[in-house]
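Notes to accompany the following structure.
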Amino acid sequence: MNFGGLSTAASIRIPSLHRCIQFSAYPFNSASHTPYPSPRNLLRMPPSSAAAAASMTTASSSSDSLETADVKKQSHPWLIVGLGNPGKTYSGTRHNVGFELVDALAESEGISMGSVSFKALFGKGFIGNVPVMLAKPQTFMNLSGQSVGAIVSYYKIPLKQLLVVYDDMDLPFAKLRMLPKGGHGGHNGMRSIIDHVKGNRDFPRLRIGIGRPPGKMDGASYVMRPFSKQERQELDFTLQAGVEAVRILLLEGFDKSASYANSPKSLEQLG
């Protein structure tokens, strides 16, 4: 399991860059339905942080310009998947931080997650002018690939536009780590997803550190533990930083997103 980011005892709220129109996430007949509302109907709002504002300035190098051009060329929606277990028993536990980040992203961007489709809680909307689908598989962690594989297949999502968010015991608590590809690292949810995309590991992932279990506690018990009050404060901050990292990924490309997510940060830097 894996993660990465920042650790501070302060909690902040980062306002949304954009709001979007919500609509049903059920499969549709493309001949009779428009899959996404027009981006011109979006309510545009101020950048969510100084970092975001800075990242929206004109690219200063040709490589930055090329990456931005590649982002604009995307014709398929992004699929952002948060991993976890369904039900109140597991809500607020360490294994469910992937769910929590998707919830934070949905709230920030005004995307409704009220639909059930492909064995997942599902939502569609925009981040900026980029169409996005959010999913929280309800299959239980170890079968997450059943849901994710079906969505990828139905919508023909390029794997480079599939981002999976999940917990990682091998990262210090509340750290973020954005990676372009990789194995499952012992995480059964990721193992299932890789199996259901024909063994392909070439898709980005955002890992959220939950730290190692104390003493002789086994990992299975540890990931089901809730957070302490101090841990919750740190995690809430990290989730907002994760939301920012996802925005940067969709709007400006992987390199800038990874630089943001993987670098040491302080509350003052995100200010």
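For what it's worth, my numbering labels the leading residue of the sequence shown as 562, then goes sequentially. Glycine is no exception: its CB is placed at the ideal position from the N, C-alpha and C atoms. Just so it is clear, the structure is predicted and the values come from calculations on it, not from any experiment.
- Between Leu737 and Thr799 a beta carbon distance of about 6 angstroms is seen, short of the 8 angstroms cut, so the two are scored as contacting.
- In the three-state DSSP reduction, Tyr651 falls in the coil class, being neither helix nor strand.
- By the neighbour-count definition (other C-beta atoms within 10 Å, threshold 16), His637 is an exposed residue.
- The alpha-carbon of Tyr821 is positioned some 20 angstroms away from that of Leu640.
- Fewer than three beta-carbon pairs drawn from the stretch 695-702 and the stretch 759-768 are found closer than 8 angstroms, and the two stretches are therefore not classed as touching.
- Leu695 and Ala667 have their C-alpha atoms some 8 angstroms from each other.
- Taking every protein chain shown into account, the CB of Val677 has fewer than 16 other CB atoms within 10 angstroms, so this residue is exposed.
- Straight through space, the alpha carbons of Ala665 and Gln801 are spaced by roughly 7 angstroms.
- If you compare the alpha carbons of Ser818, Phe687 and Val784 with that of Thr654, the shortest gap goes to Val784.
- Between Met730 and Gly675, the C-beta gap is not smaller than 8 angstroms, which leaves the two residues out of contact.
- Secondary structure note for Phe687: its beta strand (DSSP E) is the uninterrupted segment Ala681 to Ile688.
- Under a 10 Å Cβ-count criterion, Asp728 is classified as buried, with 16 or more other Cβ atoms of the shown protein chains found around its own Cβ.
- Here Lys817 is buried: its Cβ has 16 or more other Cβ atoms, across all protein chains shown, within 10 Å.
- Around the Cβ of Arg793, a 10 Å sphere holds fewer than 16 other Cβ atoms; the residue is exposed.
- It is roughly 11 angstroms from the alpha-carbon of Ile755 to the alpha-carbon of His748.
- Here the alpha carbons of Ser673 and Pro733 stand approximately 32 angstroms from one another.
- For Ala735, the three-state secondary structure derived from DSSP is coil.
- The Cβ-Cβ distance between Val758 and Leu644 does not fall below 8 angstroms.
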